[in-house]
């Protein structure tokens with residue numbers, strides 16, 4: 043390990059431990075890390091957008107003859123009108139453009155890309171039923187989908203048959219959330235393992251070079 | 056009673072300390088355990104195996120550096136499997152923070168093992184803002200969205216891209232994601248362009264994506280570090296995910312113990328009779 | 204003018220995309236969406252920059268007025284500039300500029316930014332343990348179901364726990380995979396996906412038609 | 011007068027329901043006559059109801075191709091027909107039915123028709139919790155999620171914020187709204203200012219109530235957590251899109267002794283909010299909440315329209331399951347094929 047590499051490992055270790063220290067109590071180390079963290083991530087966007095959007099997608103093609111890209115460029119600039127109270131309303135136009143295009147993509151992608159196939163797949167489970175267990179599974183899926191949809195039905199009070207279905211729905215939902223919780227625990231622990239792997243192997247490992 | 060009251064009111068920092076110990080100990084005293092393969096991981100592996108050799112595939116790095124522990128082993132294993140089959144790999148990312156550079160690091164590290172050359176066997180397109188536009192735009196033309204690769208080389212100057220224009224030339228997409236971008240790969244790319252897809256995701260998102268495996272929109276699924284460990288075993292390249300399983304076991308058991316302890320206290324103190332709304 | 208023009212823009216662009224979905228590529232209408240999507244990446248890029256300007260202004264105001272803790276705010280400002288300025292200078296001037304490997308930008312990202320992100324995620328493991336102990340109580344039928352399933356899934360997803368589950372008669376892990384993950388969980392996710400898709404589509408529709416204007420501040 | 015227009019509404023609704031069902035019947039019936047077309051029944055369905063579809067296609071083509079009429083109209087029509095994607099007609103129908111339902115209900119709501127929404131448990135808690143903050147003389151922390159403004163949950167979060175700001179304005183309780191995106195900042199500021207003006211408390215409004223904190227997820231979280239431990243707000247409200255930071259926020263808030271109310275549509279985060287918060291709105295309840303609290307016709311109408319389509323989907327699934335179980339479902343399932 044070179045001196046520089048040891049320095050790098052210690053930088054990472056310093057910020058890792060500073061952030062962990064918050065669990066004991068708020069302290070100046072944590073505050074330093076927190077504020078540097080906020081600044082760096084803001085600065086990150088500048089470099090990223092500069093190169094991948096402004097240079098590659100706007101400037102270069104425009105120089106290459108796609109002059110009409112000047113329009114989205116101007117639209118983008120108008121966003122900054124936000125910061126000048128008198129003309130801040132101007133920024134609504136680029137915003138509306140972003141919202142309009144996104145909304146257009148969304149309507150289609152949600153209804154066509156999600157609703158239709160998920161409906162089809164729900165009916166499909168009944169198709170390949172082969173034996174008792176398949177039948178049971180298909181029942182679970184169909185009842186689960188319908189009762190979940192009913193649980194989120196707001197137009198009627200949940201009483202009578204609707205209430206029973208909604209009750210079944212909330213049980214199903216809790217099973218699913220339980221599974222989610224289990225999986226999430228797994229994920230977070232994995233990330234902790236990643237950090238500990240670093241601290242134990244790299245950081246503690248670097249001690250032998252120094253001491 | 057007094058005991059349970061004290062247990063109940065314990066400072067949370069003691070719990071943090073116990074967790075810390077539980078995660079460090081297995082690194083010092085490793086305990087090996089057999090890892091079984093879930094059908095979803097097997098399906099993903101089998102589908103990739105069944106692809107014709109040397110087709111073009113996409114490997115998408117849609118995860119932040121913060122979830123490297125879970126996601127990177129998946130991307131690595133996928134590279135091994137793809138390159139053993141001589142596939143041409145397009146990597147890209149919808150993650151502004153770190154996605155492109157992680158793709159760069161991982162591919163460059165594994166490429167020499169299979170004698171793969173940048174530009175001929177793999178290309179890194181990098182990142183563009185607004186994933187919705189990126190995903191659907193590539194359906195018409197990859198070049199309209201990514202005129203150059205990550206380092207600024209024109210796509211027309213990259214030999215591998217000579218015959219690749221849009222999703223029609225892509226045989227398979229492997230999405231490694233730690234966020235909702237995977238939803239849009241399904242609802243836009245798979246639904247509108249019909250490219251078969253597999254997904255590796257964090258344990259947090261995995262339960263949600265079972266719905267997409269069931270509907271055939273994903274050919275298979277890797278969930279979290281366990282999924283990554285399974286895939287590592289399938290491609291016979293055990294790595295960090297397999298190693299981490301020991302600590303994983305310890306902390307899971309600890310948390311289960313805490314849940315049980317907490318609930319015993321809850322009932323001993325008779326709090327369950329006061330229904331909290 | 205101040206609102207009706209933006210509303211018209213949202214309407215036209217949104218409608219163009221919806222309609223073009225139903226036309227083949229290569230036709231006038233079919234290709235309209237392609238161009239609009241390129242425009243979107245450009246305009247979208249600018250909105251990200253807005254945030255940077257905003258955070259700079261907020262922190263600068265704090266430093267100027269020397270409000271308590273202004274030293275930390277100064278730290279934020281310095282971090283922004285140290286990260287941003289070298290990244291937009293041409294790499295041909297110095298290998299430290301630009302965004303390639305070896306640049307200041309890349310170094311700060313690799314050795315400060317990403318470890319900090321990973322650490323924040325990792326602290327969640329501690330918080331989960333504490334939440335599991337204090338908050339996960341079998342208060343009602345619903346929370347009991349949640350608890351039981353969570354515990355069993357946690358056991359199942361690690362080799363040690365799986366070995367334990369296999370001690371019981373019947374194929375418990377197989378059952379979990381088939382009926383919990385691919386059964387109940389899949390069904391609920393499907394229900395939620397459909398419901399949420401309707402919600403998102405409805406909001407999108409109202410944005411296109413100019414009924415929903417929260418995004419312009421008209422709440 | 012009112013009665014006859016009511017009838018017209020009912021008729022329109024029925025047309026929406028019966029239309030697609032009619033199509034389904036035709037397809038299924040035709041399939042039983044000629045089994046060879048089963049695989050391609052969608053195209054044949056389109057052929058069967060060719061009149062209606064053609065007019066629809068022409069209509070859709072006309073919406074965009076406003077230029078051609080001056081030229082040769084027949085040629086324009088031919089181009090429009092061949093370039094229209096008939097294979098996506100099912101999506102077109104879904105989009106039309108959906109849009110119609112939302113619009114009709116919104117219209118009814120605007121006309122002042124009484125639209126019923128069931129009570130959402132825990133929603134009253136919002137008002138109570140803000141009241142508690144006032145009593146304690148401590149601030150209310152409101153986080154409208156960490157997603158951009160183009161996320162529907164964020165919009166719901168912002169519109170609930172408008173409601174909460176009215177209450178804090180009324181009692182002059184300090185309000186803190188940290189945001190992660192500049193567009194959310196702009197929208198949030200306008201909504202809060204509007205609320206303070208409406209309550210006649212313009213002087214109490216401070217632009218810094220809504221503030222941009224950081225663009226990165228965890229930098230944002232670290233900052234908000236720091237705020238919670240230092241200022242100890244009495245009430246924390248989280249409404250919008252949340253990701254991994256959900257538990258970080260909720261646990262820290264819990265440690266700071268705040269009352270917490272959360273709402274998000276992200277299923278993967280809900281277990282944590284349920285565990286660590288006092289009240290949680292799940293999934294679509296978040297959207298319903300913003301409609302419920304605001305009582306605005308556009309929100310109510312949208313929600314009712316969604317509910318209506320949701321019922322159609324349930325019915326559609328039930329019919330499908332029955333048909334498939336009886337072995338007649340192939341062509342029905344084809345109706346839902348997305349290409």
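Protein chains in written order, with this note's numbering: chain A, 43 to 253; chain B, 56 to 332; chain C, 204 to 422; chain D, 11 to 349. Cβ coordinates follow ideal geometry from the N, Cα and C atoms, glycine included. Here the structure is a predicted model, which is why all the values come from computation and not from measurement.
Query, Result
"Buried/exposed call for residue 92/A, threshold 16 Cβ in 10 Å", "buried"
"Below-9 Å beta-carbon distance, residue 218/A vs any chain B residue", "yes"
"Alpha carbon of residue 90/D to alpha carbon of residue 161/D, nearest angstrom", "The predicted position of residue 90/D is uncertain, since its pLDDT is 44 and thus under 50; a value taken from the coordinates is nonetheless stated next. Distance between the alpha carbons of residue 90/D and residue 161/D: 34 Å."
"N- and C-terminal bounds of the alpha helix (DSSP H) containing residue 247/A", "246-252"
"Cutoff 9 Å: residue 114/A Cβ touching any chain D Cβ", "no"
"Cross-chain neighbours of residue 254/D in chain B, by beta carbon under 8 Å", "259"
"Residue 269/C in three-state terms, based on DSSP", "coil"
"Cross-strand partners of residue 148/B (DSSP beta bridge)", "182/B"
"Burial state of residue 203/A, where buried means 16 or more other Cβ atoms lie within 10 Å", "exposed"
"Beta-carbon gap between residue 118/A and residue 248/C smaller than 9 Å", "yes"
"Contact check, residue 77/B vs residue 305/B, beta carbons under 9 Å", "yes"
"Nearest to residue 273/D (by Cα), restricted to the options 260/D, 266/D and 264/D", "260/D"
"CA-to-CA distance, residue 289/B to residue 125/D, given in whole angstroms", "56 Å"
"Proximity test, Cβ basis, 9 Å: residue 247/B and chain D", "yes"
"Cβ of residue 216/D within 9 Å of any chain C Cβ", "no"
"Beta-carbon gap between residue 205/B and residue 158/B smaller than 9 Å", "yes"
"Unbroken beta strand (DSSP E) run spanning residue 419/C, endpoints", "Unbroken run through residue 419/C: none, as it is neither H nor E."
"Residue 114/B - DSSP class collapsed to helix/strand/coil", "strand"
"For residue 248/B, the nearest candidate out of 311/C, 378/C, 210/C and 224/C (CA to CA)", "224/C"
"Coarse secondary structure for residue 185/D, derived from DSSP in three states", "strand"
"Chain A contact residues for residue 269/C, given Cβ-Cβ distances below 7 Å", "Within 7 Å Cβ-Cβ: nothing; residue 269/C doesn't reach chain A, min ~16 Å."
"Enclosing alpha helix (DSSP H) for residue 262/D [first to last residue]", "255-265"
"6 Å Cβ shell around residue 60/B - same chain, five flanking residues per side excluded", "none"
"Inter-residue spacing [alpha-carbon to alpha-carbon] between residue 264/C and residue 285/B", "52 Å"
"Cβ shell of residue 163/D (< 6 Å), same chain only, five flanking positions each side left out", "155, 250, 251 and 275"
"Proximal chain B residues relative to residue 384/C, where beta-carbon distance stays under 8 Å", "262 and 265"
"Straight-line gap, residue 206/C to residue 208/D (C-alpha atoms, nearest Å)", "20 Å"
"Integer-rounded CB distance, given that residue 278/B should sit under 8 Å from residue 256/B", "7 Å"
"Three-pair Cβ contact test at 8 Å for the stretch 297-307 of chain D versus the stretch 280-287 of chain D", "no"
"Pair within 9 Å by beta-carbon distance, residue 408/C and residue 138/A", "no"
"Residue 342/D classed as buried or exposed, judged by whether at least 16 other C-beta atoms fall within 10 angstroms", "buried"
"Secondary structure of residue 140/B, DSSP reduced to three states", "coil"
"At least 3 beta-carbon pairs within less than 8 Å: the stretch 295-310 of chain B vs the stretch 223-241 of chain A", "yes"
"Environment of residue 217/B [buried if 16+ CB atoms lie within 10 Å]", "exposed"
"Extent of the continuous alpha helix (DSSP H) to which residue 233/D belongs", "227-241"
"Neighbour flag for residue 234/B against chain D, beta carbons, 9 Å", "yes"
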